[in-house]
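*Asks:* Protein chains in written order, with the working numbering: chain A, 1 to 160; chain B, 1001 to 1141. Beta carbons are placed, not taken as given, at the ideal position from N, Cα and C, and that holds for glycine. Pasting in a structure now, in structure tokens, and then I'll have a few things to ask.
Written as structure tokens, this is what we have:
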């Protein structure tokens, strides 16, 4: 239940964050926006961490080299989404991004890489994911009352 | 083809990010992981922005301050993602996050909240939402 509530809450926050980021992006351009987002992300994480963990925030034992590089994944995400949208248009690009997220999530659960607990693939789970993918495609590609809106930009800077 | 690969790679990286953050959190703690990855991401973004000659902080003065804080949600987003993955696995965590994200965006556009132009929603969007909810329920059984 805790996990479900957090996951849903993260989705709500991402929706707002994408909207805010989009407004910054319109004025400031992509890379300035990405830089601001990450500066804000670092400040909030550091301050909240300092509040909850105190001086433990400065204890660096256990840190491995790859941990630092993993922060660059966010930069890769922005680059790939922008390239995808440029070549496919926002609707198709974002639909593929969302479905790929689910497919790779399932792959990760079933392989249990990176020291995560392995979650076996069951037929009901596969059916659930397929239903979700179908839902995303119907939602994204189905006719709307008026022409394409900017929701297609949702995700552009997700978790960058 | 390149566009398809880029979009697939983006999806892969988004999932990888959640998994990597969970793994790092196990080693050094969740807040430490969030701060560390955002810091190195920030350094990477500054370097890339300079490389692209697209670092123009003055332009940020033109935006409403409230929109500028969007990035600060990352602390809660990372903490929440890691907690969700630890509790229910990557697939269910990703599914519910997508549902919440598309659902709220749907509401905001439909109602025209936060200065977003009102967008009409068709039966396809309602049906798509319903299918996603059904999918999540099936996953969490």
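#1: Output needed in chain order: residues of the region 1128-1139 of chain B with a Cβ under 9 angstroms from some Cβ in chain A.
#2: Identify each residue in the region 1099-1121 of chain B for which the Cβ-Cβ distance to at least one residue of chain A is less than 8 angstroms, and report them in chain order.
#3: So, helix, strand or coil for residue 83 of chain A, using DSSP?
#4: Quick one, are the C-beta atoms of residue 1018 of chain B and residue 1083 of chain B less than 9 angstroms apart?
#5: Does any residue of chain B bring its CB to less than 9 angstroms from the CB of residue 91 of chain A?
#6: Go through its chain and collect everything with a Cβ distance to residue 148 of chain A's Cβ below 8 angstroms, but skip five positions before and after it.
#7: Going by other Cβ atoms of all chains shown within 10 Å of its Cβ, with 16 needed for buried, is residue 21 of chain A buried or exposed?
#8: Taking only beta-carbon atoms, is residue 28 of chain A less than 9 angstroms away from chain B?
#9: Please report the straight-line C-alpha distance between residue 160 of chain A and residue 1122 of chain B, rounded to a whole angstrom.
#10: Which whole-angstrom value is the C-beta distance of residue 121 of chain A and residue 106 of chain A, which I expect to be below 8 angstroms?
#11: Start and end of the alpha helix (DSSP H) containing residue 173 of chain A?
#12: Mind checking if residue 55 of chain A is an interface residue toward chain B, Cβ cutoff 9 angstroms exclusive?
#13: Residues of chain A with CB under 7 angstroms from residue 1057 of chain B, in chain order?
#14: Using the Cα positions of residue 35 of chain A and residue 1024 of chain B, report the straight-line distance between them to the nearest angstrom.
#15: Quick one: measure Cβ to Cβ for residue 1101 of chain B and residue 14 of chain A, integer angstroms, because I've assumed they're closer than 8 angstroms.
#16: Do we get a CB-CB distance below 9 angstroms when we pair residue 149 of chain A with the residues of chain B?
#17: List, in order along the chain, the chain B residues whose C-beta lies closer than 7 angstroms to that of residue 111 of chain A?
#18: Reducing DSSP to helix, strand and coil, say where residue 1099 of chain B ends up.
#19: Compare the beta carbon distance of residue 99 of chain A and residue 1006 of chain B with 9 angstroms and say whether it is the shorter of the two.
#20: So, with DSSP's three-state summary, where would you put residue 106 of chain A?
#21: Can residue 1050 of chain B and residue 24 of chain A be called in contact, C-beta distance under 9 angstroms?
#22: By a C-beta neighbour count over all protein chains shown, 10 Å radius and 16 as the cutoff for buried, is residue 11 of chain A buried or exposed?
#23: Which word fits residue 56 of chain A, buried or exposed, when buried means at least 16 other C-beta atoms lie within 10 angstroms of its C-beta?
#24: Three Cβ pairs or more, each shorter than 8 angstroms: is that satisfied between the region 133-145 of chain A and the region 1033-1050 of chain B?
#25: Could you compute how far the alpha carbon of residue 1097 of chain B sits from the alpha carbon of residue 7 of chain A?
#26: State the Cα-Cα distance for the pair residue 94 of chain A and residue 1055 of chain B, rounded to the nearest angstrom.
#27: Is it the case that the region 28-46 of chain A contacts the region 1070-1079 of chain B, given that we only count it when at least three CB pairs across the two stretches are under 8 angstroms?
#28: Nearest-angstrom Cα distance between residue 1075 of chain B and residue 1016 of chain B?
#29: Along the chain, where does the alpha helix (DSSP H) containing residue 1040 of chain B start, and where does it finish?
#30: For residue 1109 of chain B, count neighbouring Cβ atoms within 10 angstroms of its own Cβ and tell me buried if that reaches 16, exposed if not.
#31: Can you tell me where the alpha helix (DSSP H) with residue 136 of chain A in it begins and where it stops?
*Replies:* Once the coordinates are examined:
#1: From the region 1128-1139 of chain B, only 1128, 1129, 1130, 1131, 1132, 1133, 1134, 1135, 1136, 1137, 1138, 1139 have a Cβ closer than 9 angstroms to chain A.
#2: Cβ proximity to chain A below 8 angstroms picks out 1099, 1100, 1101, 1102, 1103, 1104, 1105, 1106, 1108, 1109, 1114, 1116, 1117, 1119, 1120, 1121 from the region 1099-1121 of chain B.
#3: The residue you call residue 83 of chain A lines up with position 83 of the first chain. The three-state reading of DSSP puts residue 83 of chain A in helix, counting H, G and I together.
#4: Residue numbering aside, residue 1018 of chain B sits at position 18 when the second chain is read from its first letter. Residue numbering aside, residue 1083 of chain B sits at position 83 when the second chain is read from its first letter. Taking 9 angstroms as the Cβ cut-off, residue 1018 of chain B and residue 1083 of chain B do not qualify as a contacting pair.
#5: As a working note, residue 91 of chain A is residue 91 in the first chain. By this cut-off, residue 91 of chain A is not an interface position.
#6: Taking the first chain and counting its residues from 1, one reaches residue 148 of chain A at position 148. Here residue 148 of chain A scores only 48 on pLDDT, less than 50, and its place in the model is too uncertain to base an answer on.
#7: Within the first chain, numbered from 1, the residue matching residue 21 of chain A stands at position 21. With 16 or more Cβ atoms within 10 Å of its Cβ, residue 21 of chain A is classed as buried.
#8: If you number the first chain from 1, residue 28 of chain A lands on position 28. Judged by the 9 angstroms Cβ criterion, residue 28 of chain A is in contact with chain B.
#9: Looking up residue 160 of chain A in the first chain gives position 160. Looking up residue 1122 of chain B in the second chain gives position 122. For residue 160 of chain A, the predicted model reports a pLDDT of 36, less than 50, meaning its position is unreliable; a value from the coordinates is still stated below. For residue 160 of chain A and residue 1122 of chain B, the distance between alpha carbons rounds to 31 angstroms.
#10: Counting from one through the first chain, the residue named residue 121 of chain A turns up at place 121. Counting from one through the first chain, the residue named residue 106 of chain A turns up at place 106. About 7 angstroms; that satisfies the 8 angstroms criterion.
#11: Residue 173 of chain A lies beyond the stretch modelled for chain A, which goes from 1 to 160, so this question has no answer here.
#12: Taking the first residue of the first chain as position 1, residue 55 of chain A is located at position 55. Residue 55 of chain A does not count as touching chain B.
#13: On the second chain, position 57 is the one that residue 1057 of chain B refers to. Against chain A, a Cβ distance below 7 angstroms from residue 1057 of chain B picks out 32.
#14: As a position in the first chain, residue 35 of chain A is number 35, starting the count at 1. As a position in the second chain, residue 1024 of chain B is number 24, starting the count at 1. Residue 35 of chain A and residue 1024 of chain B have their C-alpha atoms roughly 22 angstroms apart.
#15: For the purposes of this step, residue 1101 of chain B is identified with residue 101 of the second chain, where counting begins at 1. For the purposes of this step, residue 14 of chain A is identified with residue 14 of the first chain, where counting begins at 1. Yes, residue 1101 of chain B and residue 14 of chain A are in contact; Cβ-Cβ is about 5 angstroms, under 8 angstroms.
#16: Along the first chain, read from residue 1 onward, the residue named residue 149 of chain A stands at position 149. Caution applies to residue 149 of chain A, whose pLDDT of 46 falls short of 50 and renders its modelled position unreliable; the model cannot decide the point.
#17: Position 111 of the first chain, counted from the start, is the residue given in the question as residue 111 of chain A. Neighbours of residue 111 of chain A on chain B: none; closest Cβ ~10 angstroms, over 7 angstroms.
#18: Here residue 1099 of chain B refers to the residue found at position 99 of the second chain. The answer is helix: DSSP assigns residue 1099 of chain B an H, G or I state.
#19: By 1-based counting over the first chain, the position of residue 99 of chain A is 99. By 1-based counting over the second chain, the position of residue 1006 of chain B is 6. Not in contact: residue 99 of chain A and residue 1006 of chain B (Cβ atoms no closer than 9 angstroms).
#20: Residue mapping note: residue 106 of chain A aligns to position 106 of the first chain, counting from 1. Looking at residue 106 of chain A - three-state DSSP - the assignment turns out to be helix.
#21: For the purposes of this step, residue 1050 of chain B is identified with residue 50 of the second chain, where counting begins at 1. For the purposes of this step, residue 24 of chain A is identified with residue 24 of the first chain, where counting begins at 1. The Cβ atoms of residue 1050 of chain B and residue 24 of chain A lie no closer than 9 angstroms to each other.
#22: Here residue 11 of chain A is taken as the residue at index 11 of the first chain, counted from 1. Buried, since its Cβ has 16 or more Cβ neighbours within 10 Å.
#23: As a first step, residue 56 of chain A is located in the first chain; it is residue number 56 there, counting from the start. Around the beta carbon of residue 56 of chain A, fewer than 16 other beta carbons sit within 10 angstroms, so the residue counts as exposed.
#24: Taking a contact to require three or more Cβ pairs closer than 8 angstroms, the region 133-145 of chain A and the region 1033-1050 of chain B do not qualify as touching.
#25: As a working note, residue 1097 of chain B is residue 97 in the second chain. As a working note, residue 7 of chain A is residue 7 in the first chain. Using only the alpha carbons, I get a separation of about 5 angstroms.
#26: In the first chain, counting from the first residue as 1, residue 94 of chain A sits at position 94. In the second chain, counting from the first residue as 1, residue 1055 of chain B sits at position 55. Cα-Cα distance, rounded: 26 angstroms.
#27: Yes: the two stretches touch, three or more of their Cβ pairs being nearer than 8 angstroms.
#28: Residue mapping note: residue 1075 of chain B aligns to position 75 of the second chain, counting from 1. Residue mapping note: residue 1016 of chain B aligns to position 16 of the second chain, counting from 1. Near 17 angstroms, if we compare the C-alpha coordinates of residue 1016 of chain B and residue 1075 of chain B.
#29: Numbered from its first residue, the second chain carries residue 1040 of chain B at position 40. First-last of the alpha helix (DSSP H) with residue 1040 of chain B: 1030-1051.
#30: On the second chain, residue 1109 of chain B is found 109 positions in, with the first residue counted as 1. By the 10 Å Cβ count, residue 1109 of chain B comes out buried.
#31: On the first chain, position 136 is the one that residue 136 of chain A refers to. Residues 123-141.
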